[in-house]
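What follows is a single structure, written as structure tokens, with notes after it.
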Amino acid sequence: MSDRFEPVIIGFTCNWCSYRAADLAGTSRIKYPPNVRLIRLMCTGRLDPTFVLKAFSEGADGVLIAGCHPGECHYLEQNYKALRRYQLMTRTLAQFGIVPERLRLTWASAAEGARFAEEIATMVEEVRQVGPLNWPTRPVPRVEQASGGAA
Amino acid sequence: MSKPKFAMYWASACGGCEIAVLNIDEKILDLDANFEVAFWPAAMDVKYKEVEAMDDESILVTLFNGSIRTDENEHMAHLLRRKSKLLVAFGSCANEGCIPGLANLSPREGIFECAYTSPSTENPDHLRPRSAWQAPEGTLTLTPLQSVVRTLDQVVEVDYHVPGCPPESHQIAAVLDVLIAVVKGEAELPPKGAVLGAGDSTVCDECTRKRDIKRISKLSRIQELPMLNTEDCLLEQGLMCSGPATRSGCNSRCPNVGAPCIGCYGAAPGVLDQGARLMTAIASVVDEKEPAAIDKVLDGLPDPAGTFYRFSLAHSLLRANRAALAEKP
Amino acid sequence: MQRITIDPLTRLEGHGKIEIFLDDAGDVANAYLQVPELRGFERFCVGRPVEEMPVLTNRICGVCPEAHHMAAAKAADAVYGVTPPPAAKKLRELLYSAFFFADHTTHFFILGGPDFIMGPDTPVAERNILGVIRKVGLEIGGKVIQARKYGHTTVEIIGGRKVHPCTAVPGGMTKAISEDERKEIEKMGRWAVEFGQFALQVFHDMVLGNPEYLALILGDAYTHKTYYMGLVDANNKVNFYDGKVRIVGPDGTLHGMYAPNDYTDWIAERVEPWSYLKFPYLKKVGWKGFADGAESGVYMATPLSRLNVSDGMATRWPRPNMRSSSPPWASRPIAAWPSTGRA
Amino acid sequence: MEKVEGYVGNYTVTIKKKPRYVDEDVCTGCGICVEKCPVLVVDDKFEAGIGYRKAIYWPFAQAVPNLPVLDPDTCTYYIGGKGGCKACEKFCPTVPNSILFDQKEQRVTLNVGNIILATGWDLFDARRIPQYGYGRLANVFTNLELERMCNAAGPTGGKVVLRDGQTAPRTVAIVHCVGSRDRNYNRHCSAICCMQSLKTAHLVKERTGAEVYNFYIDIRTPGKEYDEFYQRVLDDGVHFVRGKVAEVTDIPFDPAEASRNEAGTLYVQVEDTLAGLQRRIPVDMVVLSAGLEPRRDSAAVGKTFGIACSTSGWFIEKHAKMDPIATMTEGVFVAGCAGGPKDIPASVSQGAAAAARVLNYIRQGELALEPVRASVLEEQCSGCRICNGLCPFNAISFVEERKVTEINAALCQGCGTCVAACPAGAIQGSGFSNEQVMAQIEGLLRNFAREPEVV
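Residue numbers (my numbering), protein chains in the order written: chain Z, 1 to 151; chain E, 1001 to 1329; chain L, 2001 to 2343; chain S, 3001 to 3455.
Dropping the structure here:
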């Protein structure tokens, strides 16, 4: 297998549209890179920035958020909240040294299997250009031996 | 039976926690009556050597404030963990890294760059403090700074947490009462890992300002809001306030005097990342739908990371800027 | 070369350790006061909004956060080119003075002071606040606690919190004080004046009254003939909040006077490889090592130096029957004062 | 309907009942008052403006309750406040008198379990297309006016006549898709105007024997026996011109055309797309098949009932295909054209379906909810009210006394937006909880071999 960098991307999809777009892409045998690992949420409104930070800190190289087109949200307008959070997250993550290419928000209705697959392919390429993130793991307290060990 | 030992130590800290403990006023006598202060650099002349000579777990309770910035801080954390039965992360520095934790937003090298080449510094031969330096009379050592600030529980097991910058004196007094009751056998020890001296909601719970449904159309800075009134919620008047995502317990000190809450009591119970809570709370109530209009409102926050993680950067999920983390110790 | 290490320094704010090298005869060859602490405020304040400086920089020191709070607020005023309204200026001045009273009570009875109240020969374990209370008794100990309580309560009323105040913002203060609050502050203030005289009395009886201490203080160990720097108001009286910075030489002659924002013309900081802390000195005199005297740029910016550079306090003692002789510092700069404390 | 509070099974509805000025309990519906009332008023509601009614009148024959109502705007008793006439009161045989001139507006509160919104539709105002001349050219009618004309009980007794009320038209033009399928007005197809136009063509042909021209874009006959009816109308000899009418004018193109036709003839300018040529057809009468539009107040009504309107204004159903009569708010249903244009059979079946759903709830007495819900940890909620404005389903409400927020499980749809927004982490989702999602993230990234960095 080629040794080129294969980014790991966590995708958050919405149960009513982008998750179904992924299904449709699958059923219509559309090929797209396997780098994205999808997590289903009821709505992109459910996306908590903590999830994005968790993904990056656990080793993801990119995070994709895919929701319904504005105005078509199954819950009427909750994708607007996802949009606002995305815009604030991009600004904050920049100060952590995480470039905008690593966090992507896209809209894909249940019928847009092809478009969703294309969106994933583009993102995989972009993150491949940007390179691995390799966020260091979280320090774990070292448990001292009970006896008076060396300082 | 001699009194149980009490210790208070400060790692990378400012001494505010010590003053807050002294500010429990008369209750300091209860401390003296029920405990033998074994080690307290701010107020007692006990030296490190003497602490190392103590038996393990001979100190009943150690209030450890200050974050882990240098090797010495870490060494003392391990030492006091060994010597103390109960190690309490006391104050925001030990719990979340506090304001000095903001140094994690840029590589450690920047600290030396700024400090030792500032406009008021005459440093023609570019001297830098070094971990070991050969003086004519002998080698002098300085504990080196680590690449990023860490919190106490990222270095050693912590038994209890007392948040706040500094913890409010009435809360410290309450924690002291619990300790005294435990010592006298009148009360059980709280569950390990418990947060003491704080409420279980957020600052808004104790804030006396009127609150309404939040819809933010503009975020301004305090100097742009001379007409802030004392009745309504500051956030609703367009001033960024960290109250909604900051743990209660301080009786909403700052908002009650017209200043915004800056988040010093850390995250609400069970919350992993205080900054993320503030980010999502503010973003969700921005009253715009078009990306450009949303951006215009968000421009009211010139420093998002600094605002959302003012006190909890070192304990957040990401902990630091990528470049800072990448710097080898 | 024999070596004595004092690690850590205690009963002060901040970290420090002293390395003393003794020559073969056992005399001190050299001594180094090393500060092993550096948090990088100069670096991480870059990029933060200017109006947050008062609440970020006050975390430089938890014992004197009010000082950094005010300095940052005044700097922010200057950035916006605004002068706070008179009421705000008075509130800031009152907060600063209350802090000065509370902080000095802390220093006098808890930090540096115990060395003198308990005496240099008392065992180490006793030389602290708990020892002081045991020695002077609960009655006086209670007064000390009361003094600190009043000082910090005033800071809390004006500054919002006892430690790390939050009400100074660019252009003024976020909160005024009510008439009741003013009355309460006045009540505490009057009590504090009493306490001040009591503390002076304690100092006279326990320290100046004890020939052994007097010899120690006036001895050369504590005598530093250096430059003195302090803030003075328009008629050259001590002021804590505002005014010009006045510098006098070891012999009392005027070295210079400048507005605080011109400090880089007068002060420079020296870097030493064995301490994170830098060493400020008078630029115009120059760095001549850690030495006293008129040629060395080393200067003192302490309560003593405030008195040496000024014509006394701006306010007079309320009770005329204070000992008639004018305070000793009236004629020439006092060189001898225990300058422990500020590392 | 002024205010709706509560939730499914527990709605409190406040209704503003306008005064009828007739005592419902006493009036027998004899109609003498209507007979005696001297004031004649143009009825632009039921009679579509081509018929009259009295100041006191029946809204329409099958009105429920079947009682007259007095119109204060046109009754002389109220005009100028002089209290004149009172003929209806004089002749009313009931004791006590049914006419109550000073009856006041009432607030009625009802406790109901479910709500069915069958608020219907508005007719597209044909005046908005000036080139068709409705309201300017006398003999241009709307489909609703023709409906009343063809009705035997209507103002013309079923005879199709021109605006003068006597002369029967010799040639009639029927224009389809007026204000529908049109980017400038309504993009949607109003579903019923094709069939209605065919019916009008058939009736006009049958009653007047006139030459009838139907101008259409597509003939849409989706229902049972609909296309057969279309074939029959074709057999009647109705002319079908495929093209969108550009203009209806009474000005002849040139003197030659003027001489060929009488004054007052209307010329219909159209491009016949099948024949591929421009045509100007002289007719006596033009009937505009105006489309269906959402009620003007649908946005406000939607807000009152906590349901949403789509961008075009129709109420949004829970699911376009699988659940067309429920809405996102549990317990509120939509039936008929309020949800979108449809014909009578569809409206009737939706009405029945909505009633059946409601009966289901009433019989069961309890409600099966989707498992995914949000709930507030009361002791952790600080009452900061960040979440209060985030729920389009009004499931989030603020309890003023306890200064905390509450989520109504019946209304919550489980989208989780408030769970993700709560700054205090005080709102938990029963499904897709933080722990579950975080575990998935860790799981998905675990094989990404990285030991924890023990420093």
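Every residue gets a Cβ at the ideal spot worked out from N, C-alpha and C, and that includes glycine.
Because the structure is a prediction, the values reported are computed rather than measured.
- With contacts defined as CB atoms closer than 8 angstroms, residue 1088 of chain E and residue 1062 of chain E qualify as a contacting pair.
- Closest in alpha carbon position to residue 1212 of chain E, among S:3384, S:3195 and S:3157, is S:3384.
- Nearest CB-CB separation between residue 3390 of chain S and chain E: below the 8 angstroms threshold.
- Listed by position along chain Z, the residues whose Cβ is nearer than 7 angstroms to that of residue 3415 of chain S are 42, 43, 45, 46, 75 and 78.
- Within chain E, 1268, 1270, 1271 and 1277 have C-beta atoms less than 7 angstroms from the C-beta of residue 3425 of chain S, given in sequence order.
- According to the DSSP secondary-structure assignment, residue 3054 of chain S is paired through a beta bridge with S:3040.
- Rounded to the nearest angstrom, the Cβ distance from residue 3204 of chain S to residue 3245 of chain S is 17 angstroms, too far for a contact under 8 angstroms.
- Residue 121 of chain Z is outside the set of residues whose beta carbon lies under 8 angstroms from a beta carbon in chain S.
- Counting of Cβ neighbours within 10 angstroms places residue 1154 of chain E among the buried residues, the total reaching 16 or more.
- In the DSSP assignment, residue 1008 of chain E falls within the beta strand (DSSP E) that extends over 1005-1010.
- Rounded to whole angstroms, residue 2160 of chain L and residue 22 of chain Z show a C-alpha spacing of 55 angstroms.
- Within chain E, no residue has its CB atom less than 8 angstroms from the CB of residue 3435 of chain S, the nearest being about 10 angstroms off.
- At a cut-off of 8 angstroms between beta-carbon atoms, residue 1284 of chain E makes contact with chain Z.
- Residues of chain S whose Cβ lies closer than 7 angstroms to the Cβ of residue 1310 of chain E do not exist; the shortest such Cβ separation is about 15 angstroms.
- For the segment 3194-3215 of chain S, there are no residues whose beta carbon sits under 7 angstroms from a beta carbon of chain Z.
- Contact check between the segment 2093-2109 of chain L and the segment 2149-2159 of chain L: three or more CB pairs, one atom from each, fall below 8 angstroms, which counts as touching.
- Beyond the five residues adjoining it in sequence on each side, residue 2006 of chain L comes within less than 7 angstroms, by CB distance, of 2017 and 2018 in the same chain, given in chain order.
- Against chain Z, the CB of residue 3419 of chain S has a partner CB under 8 angstroms away; the residue lies at that interface.
- Between residue 3440 of chain S and chain E, the shortest Cβ-Cβ separation is not below 8 angstroms.
- Only buried fits residue 2116 of chain L, as 16 or more other CB atoms lie within 10 angstroms of its CB.
- Secondary-structure assignment with DSSP links residue 66 of chain Z through a beta bridge to Z:13 and Z:106.
- When C-alpha distances from residue 3179 of chain S are compared across S:3294, S:3021, S:3407 and S:3307, the shortest belongs to S:3294.
- Here the alpha carbon of residue 3380 of chain S sits roughly 60 angstroms from the alpha carbon of residue 2210 of chain L.
- Counting along the chain, residue 2267 of chain L sits inside the beta strand (DSSP E) bounded by residues 2267-2270.
- Listed in chain order, the non-local C-beta contacts of residue 3418 of chain S below 8 angstroms within the same chain comprise 3374, 3387, 3390, 3391, 3396, 3407 and 3427, local neighbours out to five positions each way being set aside.
- With contacts defined by Cβ atoms closer than 8 angstroms, residue 3283 of chain S and residue 3266 of chain S form a contacting pair.
- Annotation for residue 3071 of chain S: 3055 place their beta carbon closer than 6 angstroms to its own, counting only its chain and skipping 5 residues before and after.
- Ranked by Cα distance from residue 3272 of chain S, the options S:3214, S:3298 and S:3314 are led by S:3214.
- Remark: C-beta atoms of residue 3290 of chain S and residue 3060 of chain S do not approach each other more closely than 8 angstroms.
- A distance below 8 angstroms between beta-carbons, with the five flanking residues on each side excluded, links residue 1077 of chain E to the following residues of its chain, in chain order: 1011, 1064, 1068, 1152, 1155 and 1156.
- DSSP assignment within the segment 3122-3162 of chain S yields the following whole alpha helix (DSSP H) runs of 4 residues or more, N-terminal first: 3143-3150.
- When secondary structure is reduced to three states using DSSP, residue 6 of chain Z falls in the coil class, being assigned neither helix nor strand.
- Minimum Cα-Cα distance from residue 2266 of chain L among the listed residues E:1171, E:1120, E:1023 and E:1046 corresponds to E:1120.
- Taking a contact as a CB-CB distance under 8 angstroms, the pair residue 49 of chain Z and residue 1280 of chain E counts as one, their CB atoms being some 5 angstroms apart.
- Interface annotation, residue 3338 of chain S: not in contact with chain Z, CB-CB separation never under 8 angstroms.
- In terms of Cα proximity to residue 3188 of chain S, the closest of S:3425, S:3304, S:3022 and S:3314 is S:3314.
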